[in-house]
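Novice: Under UniProt numbering, the first residue of the sequence shown is numbered 217, with each subsequent residue one higher. All C-beta atoms, glycine included, are put in the ideal place defined by N, C-alpha and C. All values derive from a computational prediction rather than experimental measurement.
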Amino acid sequence: EGVDTVIAGRPNVGKSTLMNLLAGCDRSIVTSYAGTTRDVVEDTILLAGIPLRLADTAGLHDTEDPVEQIGVLRSRGRVEAAQLILAVFDSSEPLQDEDRQFVELIGGTPAVAVINKNDLENKIDILYIQSKFKHIVYISALQGSGLQQLTAAVRQVL
Ligand code: GDP
Ligand code: MG
217 EGVDTVIAGR PNVGKSTLMN LLAGCDRSIV TSYAGTTRDV VEDTILLAGI PLRLADTAGL
277 HDTEDPVEQI GVLRSRGRVE AAQLILAVFD SSEPLQDEDR QFVELIGGTP AVAVINKNDL
337 ENKIDILYIQ SKFKHIVYIS ALQGSGLQQL TAAVRQVL
């Protein structure tokens, strides 16, 4: 039961922090090291009454680490099979090739661009995001802000 929802993006943008915020507990490990989340972490939640089967995934990037490679393959598979994608970006850094490669994976699946780390100085190329996503929300997963906008956007895309 619930909408198959994948939290995806390149490493270190705050996917697992968002997962924990939405799950309301320390479901995923969060560190400042890229490659912390290796396997898919799942939880079913209610987002303002909407049941979501959330999957927090390994950051999409090229890696030499054989365990991480399997995690990245699984992430890609989840993104391809998702009913809803929460596409997470780091607002405090310029867009990277890994962000753009991830965006190209999304295709026609309903998606919300989640611009995270809104508590920091904004450096992201928002014009690119605007050209690719109809629904864009700004949040700070760390501070727990922006959840109302995220909920509203999820309601709209479903
Ligand atoms: P993931 O690799 O995408 O799962 O990213 P994590 O959730 O593990 O977070 C990576 C780093 O970014 C950690 O040091 C987090 O504390 C930090 N982080 C996550 N969300 C935010 C945020 O909204 N604001 C700030 N300033 N830092 C954040
Ligand atoms: Mg993670």
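#1: Just to confirm the assignment, what range does the alpha helix (DSSP H) spanning Thr233 have?
#2: Check whether the segment 270-282 and the segment 251-261 touch, using three or more Cβ-Cβ pairs below 8 Å as the test.
#3: On a Cα-Cα basis, can you pick out the residue from Val319, Asp306, Pro326, Val257 that is closest to Cys241?
#4: Could you tell me whether the segment 331-346 touches the segment 303-316, using the rule of 3 or more Cβ pairs below 8 Å?
#5: Would you mind working out which of Leu374, Asn338, Lys348, Ile261 sits nearest Arg316, comparing C-alpha positions?
#6: Please classify Val283 as buried or exposed, where buried requires at least 16 neighbouring CB atoms within 10 angstroms.
Specialist: Looking at the atomic coordinates:
#1: Unbroken alpha helix (DSSP H) run through Thr233: 231-239.
#2: With the cut-off at 8 Å, the segment 270-282 and the segment 251-261 touch.
#3: Of Val319, Asp306, Pro326, Val257, the residue nearest in Cα terms is Val257.
#4: Enough Cβ pairs lie closer than 8 Å, so yes.
#5: Nearest option by C-alpha distance: Lys348.
#6: Exposed, by the Cβ-count rule.
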